[in-house]
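Those protein sequences? They're chains A and B, same order as listed. The first sequence begins at 55 in my numbering and counts up by one. The second sequence begins at 2 in my numbering and counts up by one. Since the structure comes first, as structure tokens, the remarks are kept for the end.
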Amino acid sequence: SQQGEEDPQALSIQEGENATMNCSYKTSINNLQWYRQNSGRGLVHLILIRSNEREKHSGRLRVTLDTSKKSSSLLITASRAADTASYFCATYNSGGSNYKLTFGKGTLLTVNP
Amino acid sequence: DAGVTQSPTHLIKTRGQQVTLRCSPKSGHDTVSWYQQALGQGPQFIFQYYEEEERQRGNFPDRFSGHQFPNYSSELNVNALLLGDSALYLCASSLLDRSSYEQYFGPGTRLTVT
Chain A
55 SQQGEEDPQA LSIQEGENAT MNCSYKTSIN NLQWYRQNSG RGLVHLILIR
105 SNEREKHSGR LRVTLDTSKK SSSLLITASR AADTASYFCA TYNSGGSNYK
155 LTFGKGTLLT VNP
Chain B
2 DAGVTQSPTH LIKTRGQQVT LRCSPKSGHD TVSWYQQALG QGPQFIFQYY
52 EEEERQRGNF PDRFSGHQFP NYSSELNVNA LLLGDSALYL CASSLLDRSS
102 YEQYFGPGTR LTVT
């Protein structure tokens, strides 16, 4: 079953604009990760934020985490056509013998040149 | 340094047949996880292998089985294929003590069941 839900399901913007994607999840987490997938190929790890962190930056990426609302957002600044891809949030849940990542359904981002 | 590799890239099978997918982990990694990604969906966890043992299993029927070899490579077997098994199958590798935050994915095998 899917743990999270990304919002929106699809997003179309112009090059140079910022893109914001949101993710909600259901259970307590150890960390939350964002991945990118180009054209149905393999997933590329973008950034990880731990449950005790509220914000993290990596290059043009900014991730926030609100554990009280069980939500996260990914901001891509100054988008480029090469950022066109599907973006997934994935949670790693704490406790027990759980070793899996649980993914949301993803946001399809299209950046128009 | 080679990343995670998977074979074959594409595969077409008929309902009822059996299929074997292969994964070689990133050099130095000892843990392999398999995910199924249906069209338009996020990946879903099938199982994880460490030291040739299944460490955790997701909500998949027994038709899905796996194996890990002494060199850490892994196979995913699916028996009695159904149309609904058509999907992209992703392999991810990690180090055991870093699997919670550092998993590397292969390019996937696209399986089509007709």
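Just so it is clear, CB atoms sit at the ideal spot from N, CA and C, and this is done for glycine as well. Only a predicted model underlies this, so the values are computations on that prediction, with no experimental measurement involved.
In the structure shown, D61 (chain A) adopts extended strand secondary structure according to DSSP, grouped into three states.
Judged by DSSP secondary structure, V33 (chain B) falls within the beta strand (DSSP E) whose first and last residues are T32 to Q38.
Not a single C-beta of chain B is nearer than 8 Å to the C-beta of K123 (chain A).
A Cβ-Cβ distance of about 6 Å is found for the pair K154 (chain A) and G59 (chain B), placing them in contact under the 8 Å criterion.
Rounded to the nearest whole angstrom, the CA to CA distance from Y105 (chain B) to I83 (chain A) is 20 Å.
Taking 8 Å as the cut-off, the beta carbon of G96 (chain A) is found no closer than this to the beta carbon of G43 (chain B).
From the beta-carbon of Q37 (chain B), no residue of chain A is found nearer than 8 Å; the closest lies around 11 Å away. Identification of residues in the stretch 95 to 112 of chain A having a C-beta nearer than 9 Å to some C-beta of chain B yields R95, G96, L97, V98, H99, L102 and R104, given in sequence order. Taken through DSSP and simplified to helix, strand or coil, D120 (chain A) comes out as strand. V98 (chain A) is classed as exposed because its beta carbon has fewer than 16 other beta carbons within 10 Å across all chains shown. Look at L77 (chain B) here: in three-state DSSP terms it is strand.
From the beta-carbon of Y73 (chain B), no residue of chain A is found nearer than 8 Å; the closest lies around 16 Å away. At a cut-off of 8 Å, the C-beta of Y146 (chain A) has a neighbouring C-beta in chain B.
In this structure, the CA atom of T21 (chain B) is about 11 Å from the CA atom of K14 (chain B). In terms of beta-carbon proximity, L155 (chain A) lines the interface with chain B, with at least one pair separated by less than 8 Å. Annotation for Y141 (chain A): the continuous beta strand (DSSP E) segment containing it runs A139 to N147.
In the three-state reduction of the DSSP assignment, G67 (chain B) falls in the strand class, which pools E and B.
For K80 (chain A), the closest Cβ of chain B is not nearer than 8 Å. Annotated as distal: Y90 (chain B) and V33 (chain B), with beta-carbon spacing of 8 Å or more.
Residue pairing from DSSP leaves F61 (chain B) without any beta-bridge partner. Using beta-carbon distances, G70 (chain A) does not count as an interface residue toward chain B, since no partner is under 8 Å. For N72 (chain A), no beta strand (DSSP E) encloses it, and the DSSP letter there is neither H nor E.
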